[in-house]
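Numbering of the sequence shown is given in the working numbering, commencing with residue 34 and proceeding in unit increments.
First the structure, in the form of structure tokens, and then the observations on it.
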Amino acid sequence: MIRTAGRRLLPLLPATLLTATLLTATLLPTRAWAEPPRIVGGPGPGCIAGAVPLPPAGPGFETIRMSRSWFWGHPDVIAALQLLALRARSAGMGSLFMNDISKPTGGPFPGIHASHMLGLDADVWLDIRPKPPLSPAQREAVEVESLVRADQRGVEPNLWTPQHAALIRLATELPGVDRVLVNPAIKRQLCQEVRGDRSWLSRVRPWYGHAAHMHIHFRCPLGQAECRDQAPPPAGDGCDATLQWWFDQLDAPPKPPGAPSRPVVLPAACAAIMARGPG
Ligand SMILES: [Zn+2]
């Protein structure tokens, strides 16, 4: 999850189109873990050793905002994201922008993410238009338009397309996916327009923000004995009173400020993992 939803547009500027070779030479991480993946914690707080980086670019995707080095994940997650990009490209979509997954050791992002600590979460932007490769500088500044109306009650009819629904479905069908978080207005749009097989809608869950990107959460991979999953999504398509609740909140009087959030408490084993880091 990310707290802010970008609202403005891609800086698809003319031309300094670097080759994939140059991008790779410029941006590839120089360190790697020398040990197998080990996820400790969850649901929520935790960390990961042995994470691998999403490459700067590949068939059907580009990694954006790489200066933050938040593109590390469990190998199964990184493989699934690359599979999503391939399937999206096969379906005629433009390159996908991907970024926040986890830090090289997992762990918290103070003030920004409440999740993304285990190498099992990834943000994929809901921009499926054809686009040229971006320069490294352009990738740092990418903003994607919100697909949700300013009143939060529906999608932008001039921006939303059936291909957006197709991309979200592809995400729910990746190996190991637990759930995909989108804005309640996007979930409601899916509820209204999806015909035929609606089983995948159970894995699409409404959450704050997520108007320009979706958050894909994966289950603990096999063999990760120290990783704990959250409860699976409820059965059914979720197009019910639990979805309406989100829209009822828009009409509710503002709540008084709550207690300050408590500091994240990590499992004890994370101290050594986060101190060691890759390399
Ligand atoms: Zn996220």
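For each residue, glycine too, the CB sits at the ideal point set by N, CA and C.
Any non-hydrogen atom of ligand 1 closer than 7 Å to H149 Cβ | yes
Nearest-angstrom Cβ-Cβ length linking T96 and M131, presumed shorter than 8 Å | 6 Å
Just the C-alpha distance for R221 and P166, rounded to the nearest angstrom, thanks.
-> Computed Cα separation, rounded: 32 Å.
A90 classed as buried or exposed, judged by whether at least 16 other C-beta atoms fall within 10 angstroms = buried
Counting along the chain, where does the beta strand (DSSP E) carrying T96 start and finish?
-> Under the DSSP assignment, T96 falls in the beta strand (DSSP E) whose first and last residues are F94 to T96.
Would a C-beta distance cut-off of 8 Å place W158 and P137 closer than the cut-off?
-> Cβ distance not < 8 Å, so W158 and P137 don't count as in contact.
DSSP state of C260, grouped into three classes?
-> In the structure shown, C260 falls within a strand segment according to DSSP collapsed to helix, strand and coil.
With distances taken Cα to Cα, identify the nearest neighbour of R295 among W66, P78 and P70.
-> Cα-wise, what sits closest to R295 is P78.
Could you please give the first and the last residue of the uninterrupted beta strand (DSSP E) stretch that includes W158?
-> D154 to W158
Close-in-space but distant-in-sequence residues of the same chain around V227 (CB under 7 Å, 5 per side omitted) | The beta carbon of V227 lies closer than 7 Å to those of A198 and L234 in the same chain, with the five residues before and after it left out.
What is the rounded straight-line gap between the Cα of A305 and the Cα of F142?
-> 18 Å
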